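To convert, take the position in the sequence shown, counting from 1, and add 78; that gives my numbering.
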Amino acid sequence: MTPPASHRVTRFGEDGISLMEMMIVCMLMATVMAVAVPSVNAFYNDSTAVSRTYGVVDQVVPATETLSRYLRQAVQPASGSAPFLDITTATLDVGGVDQSAPTDSTSASFYANTGNGTGPELVLAALNTTTRTFTMTMTVADSNSCPVTGSSGTACTYTKGPVHHLLTIANVTNGSTAVFTYTLQGGSTTSSPSSAQLSEIVAVSVFIQAQLLPGNATGFQTLVYLLSPTYQTWVG
């Protein structure tokens, strides 16, 4: 016989989570999070650093290879002249813009034989120590200005042609380390050649180090020998 509804007794089962079990679960989750979050963060930071480091490599290596190629082509613009320029007191008018850059530890100004009919082209490669940016430009010689065969010129000028921008390397971190070191005839080296030593340069060491925060700094160093720095009438 079924008892009346008012006399029924409700029985509760043992299903559910106790307060102690919930505390244990929370403690375990907190432990896992404490271990996992720093690990994931470290992995993300390392991945970003590696990615940016490769970005610097992709920026520096092709640029320095381009610079090396033009350094090998350094040549005298006229008989008795040096392949490298010594611009310490006078300004250099290139395409109507002052492009003065002395040949020293942070810059190299030289004439490059690129096969151009008007004569060697003027290359200016320099590090701006304020902006930490390394740039390289090239300018074609003014027509009929270089003393090549059939020309009335006695010295190359570069006042008319546009300045061609060849490369830019940002965030250079060389600090006090020289970008350019010059090897002279006889084997001695210097980072600030005198006017008399400019015609004695036989090789140039190039070292550029750059960094894209928070990536690791990376650099490139090479020694470039001049192929034919002496004057040739067919090159200028």
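We put the CB at the ideal spot given by N, CA and C, even for glycine.
Computed from a predicted structure; not experimentally measured.
What is the residue span of the beta strand (DSSP E) that residue i lies within?
i	result
serine 283	279–288
alanine 203	199–206
tyrosine 260	258–262
valine 241	241–247
leucine 301	296–303
phenylalanine 162	Phenylalanine 162 -> no beta strand (DSSP E), and no H or E assigned at all.
serine 306	Here serine 306 belongs to no beta strand (DSSP E), and DSSP marks it neither H nor E.
serine 185	185–190
threonine 213	211–217
Could you say which of the options lies nearest to residue i if we only look at CA atoms?
i	options	result
aspartate 164	Thr181, Gln151 and Ser157	Thr181
glycine 193	Thr215, Thr207, Phe162 and Tyr148	Tyr148
valine 282	Leu262, Ser96 and Lys238	Leu262
threonine 300	Ala108, Leu145 and Thr109	Leu145
serine 254	Arg210, Leu106 and Tyr303	Arg210
tyrosine 236	Val218, Val284 and Gly158	Val218
proline 191	Gln151, Glu99 and Ile102	Here residue 191 turns out to be asparagine, not proline, going by the sequence shown. Ranking the options by Cα distance to asparagine 191, first place goes to Gln151.
threonine 232	Pro155, Val110 and Ser117	Pro155
asparagine 249	Thr109, Leu97, Gln287 and Pro225	Gln287
asparagine 252	Phe162, Phe285 and Met98	Phe285
serine 159	Cys234, Ala108 and Glu99	Cys234
tyrosine 189	Thr208, Pro161 and Thr207	Pro161
What does a CB cutoff of less than 7 Å around residue i pick up in its chain, not counting 5 residues either side in sequence?
i	result
serine 306	Val153
alanine 114	none
Residues in its own chain within less than 6 Å of residue i by CB, not counting five upstream and five downstream?
i	result
threonine 167	For threonine 167, the predicted structure reports a pLDDT of 48, less than 50, and the residue's modelled location is therefore unreliable. A value from the coordinates is still provided. Contacts found: none.
threonine 246	Thr213
alanine 186	Ala203 and Phe258
threonine 184	Leu205 and Val257
histidine 243	Thr215
tyrosine 260	Thr268, Pro271, Ile279 and Val282
lysine 238	Asp220
glycine 314	With a pLDDT of 49 at glycine 314, under the threshold of 50, the modelled position of this residue cannot be trusted; read the value that follows with caution. So the qualifying residues of the chain are Pro155, Gly197, Pro198, Cys224 and Val226.
valine 110	none
Tell me which same chain residues have a C-beta within less than 8 Å of the C-beta of residue i, skipping the five on either side of it?
i	result
alanine 112	none
threonine 308	Val153 and Gln154
serine 266	none
leucine 97	none
tyrosine 303	Arg150, Val280 and Ala281
threonine 207	Thr184
serine 157	Pro225 and Tyr309
#### Entry: Touch test, the stretch 191–204 against the stretch 262–277, Cβ-Cβ under 8 Å, three pairs minimum
no
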